[in-house]
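Asker: Let me give you the structure first, and then I'll get to my questions.
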Amino acid sequence: MINLINPSKIFKWIENSIKFINSIFFILLLIALTFALIFSPPDYLQGDSVRIMYVHVPSAWISLSTYSCIVFLSILTFIFKTKNLMLISKSIAPIGLLFTFLAIVTGALWGKPTWGVLWAWDARLTSMIILFVFYTLYIASIKFIKQEDKAHKISSIIAILGLINIPIIKYSVDWWNTLHQPQSIKFLEGTSTIHSSMMLPLMLMLLVLLLYCALIFLMKYKTEIIRIKKKNIKRL
Amino acid sequence: MNNFFNMNGYGIFVWLSFSITFIACAIIYYKTYKTLKKYEKDFAQELEKLSESEKNLVLKKSKIASIVLTSYNKSI
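Have a look at this one:
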């Protein structure tokens, strides 16, 4: 499996994937935005402010799944001592930081018309801020620790320590009384309380943002591969 | 049209959310793209600095070096 993600073997595939995503991205974005801003109906209670859901919810999902991915890769790095896995998680981390930031900001903008305040120190919001801090620490440890092996070890430990925050974020709305509404879509149970007229734009926006994540990841991973090759040019 | 932008009084929150999302995504895309191009250029220039025999050896051994150099030469 490790050999399958050998950079030399997939470099051409990365280039082609970047071209492919670039070619379909704007068409899909336009379709998703049309559904999110025009076709989807206003909510009976929240009115048009519900449209913020189409950027807020996918951002929150991406921020959580990206962190889980980093933790998984960090554990694998500890077991297999494969540098390439570390390069992958290093390329994913900025995406997670970006979407955590977006989930927090769009959440605040949704909170103002819904709750009457931009911010409240309740369990869900606070745990998202903690996630943002873990992402920042993870990226800073890679950036500022000069010794690469040491940086990989410390960043992996930070990522694994932050794992405890993931179930707290997910279940915070059930465990505590929070301003944040409970989950409308439960992936594990396969249930949803969202009407299909809102579910379609939500899924379209999720698809577009996932494609964006894939694009950024592939470009960052390609940069990392080139950086390593450049460093070892005499040994090639 | 006015209704579309006003969104029954929620326009400021909705448009701000979408704008911040797309501006932030565009900035990260631009920065990532610029960094990638810079690394590609630096790597290609390092390859060009090698002697002809060294360069041929590297290009023969490394598929990545060969792809990067080809695409760099096409872009200039």
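Protein chains in written order, with the working numbering: chain P, 1 to 236; chain S, 237 to 312. By construction, the Cβ of each residue, glycine as well, lies at the ideal position given by its N, Cα and C atoms.
#1: Check whether the Cβ of P:Y212 lies closer than 7 angstroms to any Cβ atom in chain S.
#2: Can you list, in chain order, the residues of the region 264-277 of chain S whose Cβ is nearer than 8 angstroms to any Cβ on chain P?
#3: Pick from S:M237, S:Y246, S:D278, S:L293: whose alpha carbon is nearest that of S:Y308?
#4: Can you list, in chain order, the residues of its chain with a C-beta nearer than 7 angstroms to that of P:V117? Leave out the 5 residues immediately preceding and following it.
#5: So, is the C-beta of P:T223 closer than 7 angstroms to a C-beta in chain S?
#6: Taking beta-carbon pairs under 7 angstroms, can you tell me which members of the region 239-262 of chain S lie near chain P?
#7: Helix, strand or coil for P:T178, going by three-state DSSP, please let me know.
#8: Using 8 angstroms as the threshold, is the region 125-135 of chain P in touch with the region 282-289 of chain S, meaning 3 or more CB pairs across them?
#9: So is S:I263 buried or exposed if we call it buried at 16+ other beta carbons inside 10 Å?
#10: Taking only beta carbons into account, state which residues of the region 291-305 of chain S come closer than 7 angstroms to chain P, listed in chain order.
#11: Does the region 46-56 of chain P touch the region 94-108 of chain P, meaning 3 or more C-beta pairs lie closer than 8 angstroms?
#12: Kindly say whether P:T82, judged by its beta-carbon, lies nearer than 7 angstroms to any beta-carbon of chain S.
#13: Find the residues of chain S that neighbour P:T106, judging by a C-beta separation of less than 8 angstroms, and give them in chain order.
#14: Can you look up P:M191 in the DSSP assignment and give me helix, strand or coil?
Answerer: Straight from the coordinates:
#1: At least one chain S Cβ lies under 7 angstroms of P:Y212.
#2: Here the close residues are I264, Y265, T268, Y269, T271, L272, Y275, E276.
#3: Nearest of S:M237, S:Y246, S:D278, S:L293 to S:Y308, Cα basis: S:D278.
#4: Closer than 7 angstroms at Cβ, skipping near neighbours: G111.
#5: Interface criterion met: the Cβ of P:T223 is under 7 angstroms from a Cβ in chain S.
#6: Residues are counted here when their Cβ sits less than 7 angstroms from a Cβ of chain P; for the region 239-262 of chain S these are M243, N244, Y246, F249, V250, L252, S253, F254, I256, T257, A260, C261, given in chain order.
#7: Here P:T178 sits in coil by DSSP.
#8: As far as the Cβ criterion goes, the region 125-135 of chain P does not touch the region 282-289 of chain S, which means the pair count is below three.
#9: By the Cβ-count criterion, S:I263 is exposed, with fewer than 16 other Cβ atoms from all chains shown falling within 10 Å of its own Cβ.
#10: Within the region 291-305 of chain S, the qualifying residues are V294, K297, S298, K299, I300, A301, I303, V304.
#11: They touch, by the three-pair rule.
#12: For P:T82, the answer is no, since every Cβ of chain S falls outside 7 angstroms of its Cβ.
#13: Ordered by position in chain S, the residues that pass the 8 angstroms Cβ test against P:T106 are S253, I256, T257.
#14: It should be pointed out that residue 191 of chain P corresponds to Thr in this sequence rather than to Met. Here P:T191 sits in strand by DSSP.
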